[in-house]
Amino acid sequence: MGSMHISSETARIKVPKEHRQFAVYYKISRHYKLALGHIFDKIGYSSVIITEDDLTVAPDFFDYFLATRPLLEVDKTLFCVSAWNDNGVPEFIDQTANELLYRSDFFAGLGWMMTRDFWQEIGPKWPPGFWDDFIREPAQRKNRSCIRPELSRTGMTNFGQKGASGGLFFNRHLKRIFLNQRPTNFNQLDLSYLLKQKYDSSFLTKVYSIKNASLNEILMKNVEENEQNEFRIEYESMDNFLNIARKIGIMADTKAGVPRTAYLGIISFFLKGNRIFIAPSNSTKWNGYDTKWEAPRNVLDGL
2 MGSMHISSET ARIKVPKEHR QFAVYYKISR HYKLALGHIF DKIGYSSVII TEDDLTVAPD
62 FFDYFLATRP LLEVDKTLFC VSAWNDNGVP EFIDQTANEL LYRSDFFAGL GWMMTRDFWQ
122 EIGPKWPPGF WDDFIREPAQ RKNRSCIRPE LSRTGMTNFG QKGASGGLFF NRHLKRIFLN
182 QRPTNFNQLD LSYLLKQKYD SSFLTKVYSI KNASLNEILM KNVEENEQNE FRIEYESMDN
242 FLNIARKIGI MADTKAGVPR TAYLGIISFF LKGNRIFIAP SNSTKWNGYD TKWEAPRNVL
302 DGL
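Under my numbering, think of the first position of the sequence shown as 2, with each following residue one higher.
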């Protein structure tokens, strides 16, 4: 006889007194632990794609994960593949770049794939609550990265307004994430450019060889939207980065010191036909993410 699932309503989940208002996050974390334990420990699958019941998926959702799955085997500096672009609203993406993928140090969730090896590593210390922030911690991430798309392969449905976060940022941001509708046959593409030994040098060379522009130049620049120019905006501190992100309108918060979508401290997005990279002021002096870089709680109020 198989084991019987006990619902979170009757399981008497222990929630710290100071987190009573966040009890739903403890229920979710327990649910993930039970589901992942069943998939990996009992059934023995080698990988799993995780979605949420308030998400919809792109036509090439499964093709995307099928093609990127081998990368998790050959490149141990990767721990997940994500379908989500945190800055994937229409004004910050190149809607023609449906084949474009990136490496990212930020764990986004919201449609993602992990392996049994990663579960065996983190499962024994799975947290009672806030599982996603747990994965983002340096002790779990271990300087590893995820793959993410330019155009999200998941989108938020109206059910997301009633989700665990109470619809936080839903109308202003989440529901506006652009869901790709032009299928890409990723299995016909050579995705080896995403392997760390190829990606890092190519990415850094590109970012630090293009024009370094000031924030005002970018905001005031009168260029045709089809010119496809590329620019770099440099930052030297957390406050500097926050100011740039807020004035442009991209997501400005951080988790464990990592800005959303960042890779090697660099955030890539599209703006008025231009590819923009917000990058540390000197790549050779960048010493990694500072976990004390936590943006103010009201950092997203302007979205």
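Built from N, CA and C at the ideal position, the CB exists for glycine as well.
- Apart from sequence neighbours up to five positions away, the residues of its chain that approach THR255 with a beta-carbon distance below 7 Å are TRP294, GLU295 and ALA296, ordered along the chain.
- As computed with DSSP, ARG149 is found in a beta bridge with TYR103.
- DSSP assignment within the stretch 46 to 100 yields the following whole beta strand (DSSP E) runs of 3 residues or more, N-terminal first: 48 to 51, 56 to 58 and 79 to 83.
- The beta carbon of ILE148 is closer than 8 Å to those of THR69, LEU72, LEU79, CYS81, VAL82, SER83, LEU102, TYR103, ARG104, SER105 and LEU195 in its chain, skipping five residues each way along the sequence.
- Residue pairing by DSSP places MET114 opposite ILE50 and VAL82 in a beta bridge.
- In this structure, PHE108 lies away from ASP87, with their beta-carbon atoms at least 8 Å apart.
- Per DSSP, reduced to three states, the secondary structure at PRO125 is helical.
- Non-local C-beta neighbours of LYS212 in its own chain, meaning closer than 6 Å and more than five positions away in sequence, comprise PHE232, ordered along the chain.
- Taking C-alpha positions only, PHE119 is separated from TYR46 by approximately 12 Å.
- Here PRO139 carries a helix assignment [DSSP, helix/strand/coil].
- DSSP, reduced to helix, strand and coil, places ALA246 within a helical segment of the structure shown.
- By the C-beta density criterion, MET252 is buried, having at least 16 other C-beta atoms within 10 angstroms.
- DSSP links TYR236 through a beta bridge to PRO281.
- Distance between ASP54 and LEU205, taken at the CA atoms: about 37 Å.
- In the structure shown, ARG21 falls within a helical segment according to DSSP collapsed to helix, strand and coil.
- Following the DSSP letters along the chain, one finds LEU205 inside the alpha helix (DSSP H) bounded by residues 197 to 208.
- Your pair MET114 and PHE63 does not check out as a contact, with CB atoms roughly 11 Å apart and the cut at 8 Å.
- With a threshold of 16 other beta carbon atoms within 10 Å, ALA246 meets it and is buried.
- DSSP, reduced to helix, strand and coil, places ILE268 within a strand of the structure shown.
- As a beta-bridge residue in DSSP terms, MET157 pairs with LEU56.
- It is roughly 27 Å from the alpha-carbon of LEU152 to the alpha-carbon of LEU37.
- When secondary structure is reduced to three states using DSSP, GLU295 falls in the coil class, being assigned neither helix nor strand.
- DSSP, reduced to helix, strand and coil, places LYS273 outside both helices and strands of the structure shown, so it counts as coil.
- Boundaries of the alpha helix (DSSP H) around LEU216: 216 to 221.
- The distance from the Cβ of SER282 to that of TYR236 is about 7 Å, consistent with a contact at the 8 Å cut-off.
- Taking C-beta atoms as the reference points, GLU138 and ALA263 fail to come closer than 8 Å.
- Going by C-alpha positions, GLY124 is about 11 Å away from SER30.
- In this structure, LEU111 lies near THR155, with their beta-carbon atoms less than 8 Å apart.
- Secondary structure at LEU190: coil, using DSSP grouped into helix, strand and coil.
- DSSP, reduced to helix, strand and coil, places ASN181 outside both helices and strands of the structure shown, so it counts as coil.
- Burial check for MET221: the Cβ neighbour count within 10 Å stays below 16, so the residue is exposed.
- A direct Cα-to-Cα measurement between GLN121 and GLU92 gives close to 39 Å.
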